[in-house]
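To keep things clear, I will list the structure first and then write my remarks on it.
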Amino acid sequence: MKVITLTFLILLTACASVKAVVILQYHHISDTTPAITSLSPKLFEQHLAYLQTNNFTVLSIEQLLSGLQDKKPFPNKSVVITFDDGYRSIYDTAFPLLKRYNYPFTVFVQTAPLEKGLRQFMNWQELEELIANGGAIGNHSVNHDHLIPKSDSYSKKRLERHVKFEISEAQKALSGNLSKVVNVFAYPYGEFSQLTKKVVKRLGYVAMGQHSGAASWQSDLQALPRFPMGGRYGKMDDFSLKVNSLAFLDVQTRLLDQRRDIGISHLLPSLQKRPRLQIEFLKQGVGRSALVNGIRCYASDGSELVKAIESDNKIIFSMKNDVIEGRSRFNCTAPSAQKNRFFWLSQPLISVDSNGGYY
Ligand SMILES: [Zn+2]
288 MKVITLTFLI
298 LLTACASVKA
308 VVILQYHHIS
318 DTTPAITSLS
328 PKLFEQHLAY
338 LQTNNFTVLS
348 IEQLLSGLQD
358 KKPFPNKSVV
368 ITFDDGYRSI
378 YDTAFPLLKR
388 YNYPFTVFVQ
398 TAPLEKGLRQ
408 FMNWQELEEL
418 IANGGAIGNH
428 SVNHDHLIPK
438 SDSYSKKRLE
448 RHVKFEISEA
458 QKALSGNLSK
468 VVNVFAYPYG
478 EFSQLTKKVV
488 KRLGYVAMGQ
498 HSGAASWQSD
508 LQALPRFPMG
518 GRYGKMDDFS
528 LKVNSLAFLD
538 VQTRLLDQRR
548 DIGISHLLPS
558 LQKRPRLQIE
568 FLKQGVGRSA
578 LVNGIRCYAS
588 DGSELVKAIE
598 SDNKIIFSMK
608 NDVIEGRSRF
618 NCTAPSAQKN
628 RFFWLSQPLI
638 SVDSNGGYY
């Protein structure tokens, strides 16, 4: 009887619909483009084969949006495939494979290179062909500028104007040349600030970064996480770990000052070399103490953060080394009750560079 109940429970968990989905971010699918943003065609095909063999559901961007916005359950093991920039290898190499697997996908296009007719990017006809065959097109700005303040002292008005221009002009170009465009924005370099998010929201866009983790009903719709695939990421063991990841639910994260317990922005003030991460579990539940005990966090240099359990639902993580210059993140994972599936969250960080600015 016990065995039957247990089997039933496992089956129920495996089949259940869920509140989260994994979003993948690719750039080039090619062996000859810059390694840091490229994934080999062979590996890309292995990713697609893995998704098929392991019964993943590949969702369109529309299905993702309606799930997140209307809180509709996703099938267990749901994935969304996205590409940034609009490079030629998406059309030449990824597209035929995606068609063969019949998987929907989204390309976030920066429009200036298309207007200039640059050959390393797809052209309007090719994008239209993607739309006719399971592809969706989203906004990735006109010029691929950094859309965060240049430094602490950068004027808010100027940033606001800049963000508005980049998004609205890109959308104009996209909708003027294509039959269908989605109101989703991918931040250039995955960078955003509180103000950037606010402007994006006011303009009516959902937006994606490139900090890792599964996206859920509780995610910030103007800062959806994506797992970058390319460069050192995307080998099969890394891919299977990430694509199987689960979202931490009912969790609140907050960055704390080095010394005093005040919340700070992920655009770190210049004196903040070792921000601390506070994670608070908001709901009582059977799994909570396992999560509190099991969670581990790492900085981008690979060093593990020092964990201090403050109470039965609050943990503070501190850095052993100073934060690296520019963009980085804290990655936190915890084992789940499902085999080979880990909860995953990521906190983006942007620290000032040697010129005293954010880029
Ligand atoms: Zn980009």
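Residue numbers (our numbering): 288 to 646.
Cβ coordinates follow ideal geometry from the N, Cα and C atoms, glycine included.
If you're wondering where the values come from, they're calculated on a predicted model, not measured in any experiment.
query: Roughly how many angstroms lie between the CA atoms of Gln565 and Leu508, to the nearest whole one?; result: 21 Å
query: For a test of the three-state rule: what should DSSP assign to Asp372, helix, strand or coil?; result: strand
query: Output needed for Gly373: all residues of its chain with C-beta closer than 6 Å, excluding positions within five of it in sequence on either side, in chain order.; result: Val394, Val396, Phe408 and Met409
query: Does any heavy atom of ligand 1 sit closer than 7 Å to the C-beta of Pro622?; result: no
query: Using a 10 Å radius around the Cβ and a threshold of 16 neighbouring Cβ atoms, would you call Pro321 buried or exposed?; result: exposed
query: Residues around ligand 1, please: the condition is that the C-beta lies closer than 6 Å to some non-hydrogen atom of it.; result: Asp371, Asp372, His427, His431 and Pro475
query: Measuring alpha carbon to alpha carbon, tell me which of Ala399, Gly477, Gly421 and Asn389 ends up nearest Leu461.; result: Ala399
query: Near Thr380, which residues of its chain fall below 6 Å by C-beta distance, leaving aside the five closest residues on each side in sequence?; result: Ile316 and Pro328
query: Leaving aside the five residues before and after Arg563 along the sequence, list all residues of the same chain whose C-beta is less than 6 Å from its C-beta, in chain order.; result: Leu543, Ile603 and Ser605
query: Is Asp439 near Ser557, with beta carbons less than 8 Å apart?; result: yes
query: Here's a check: name, in chain order, each residue in its chain whose Cβ is nearer than 8 Å to the Cβ of His449, leaving out the five neighbours to either side.; result: Asp432 and Leu434
query: What residue from Asp371, Val309 and Ser376 has the CA that sits closest to Gln350's CA?; result: Val309
query: Candidates Val486, Asp588 and Leu555: which alpha carbon is nearest Lys443's?; result: Val486
query: My output table needs one value for Lys522: the three-state DSSP class, helix, strand or coil.; result: coil
query: Can you tell me which of the three DSSP states Glu415 falls into?; result: helix
query: To which residues does DSSP link Phe382 through a beta bridge?; result: Per DSSP, none; premise fails for Phe382.
query: Please classify Ala595: does DSSP put it in a helix, a strand, or coil?; result: strand
query: Residues in the same chain with beta-carbon distance under 8 Å from Val579, minus the five sequence neighbours each way, listed in chain order, please.; result: Phe568, Ile596, Asp599, Asn600 and Ile602
query: Can you round the beta-carbon distance between Phe361 and Leu346 to whole angstroms, since I take them to be within the 8 Å contact cut?; result: 7 Å
query: Helix, strand or coil: which one does DSSP assign to Thr483?; result: helix
query: Alpha carbon to alpha carbon, how far is Phe514 from Gln497? Give it in angstroms, no decimals.; result: 6 Å
query: Three Cβ pairs or more, each shorter than 8 Å: is that satisfied between the stretch 515-522 and the stretch 606-620?; result: no
query: Does His315 come out as helix, strand or coil in the three-state DSSP assignment?; result: strand
query: How is the alpha helix (DSSP H) around Ser353 delimited, first residue to last?; result: Ile348 to Gln356
query: Report the CB separation of Met649 from Tyr390 in whole angstroms; it is logged as a contact under 8 Å.; result: What the structure shows of the chain is the stretch from 288 to 646, and residue 649 is not part of that stretch, so it cannot be assessed.
query: Along the chain, where does the beta strand (DSSP E) containing Leu542 start, and where does it finish?; result: Val538 to Leu543
query: Just the C-alpha distance for Asn464 and Gly404, rounded to the nearest angstrom, thanks.; result: 13 Å
query: Here's the rule I'm using: 16 or more other beta-carbon atoms within 10 Å means buried, otherwise exposed. How should Gln625 be labelled?; result: exposed
query: Please classify Ile454: does DSSP put it in a helix, a strand, or coil?; result: helix
query: Tell me which residues share the same chain as Ser325 and place their Cβ nearer than 6 Å to its Cβ, disregarding the 5 neighbours each side in the sequence.; result: His315, Ser317 and Gly517
query: Between Leu482, Trp504, Val469 and Ala501, which has its C-alpha nearest Tyr492's C-alpha?; result: Val469
query: Please return the same chain residues whose Cβ sits closer than 8 Å to the Cβ of Val366, not counting the five positions on each side in sequence.; result: Val308, Val309, Ile310, Leu311, Leu338, Phe343, Thr344, Val345, Leu346 and Val530
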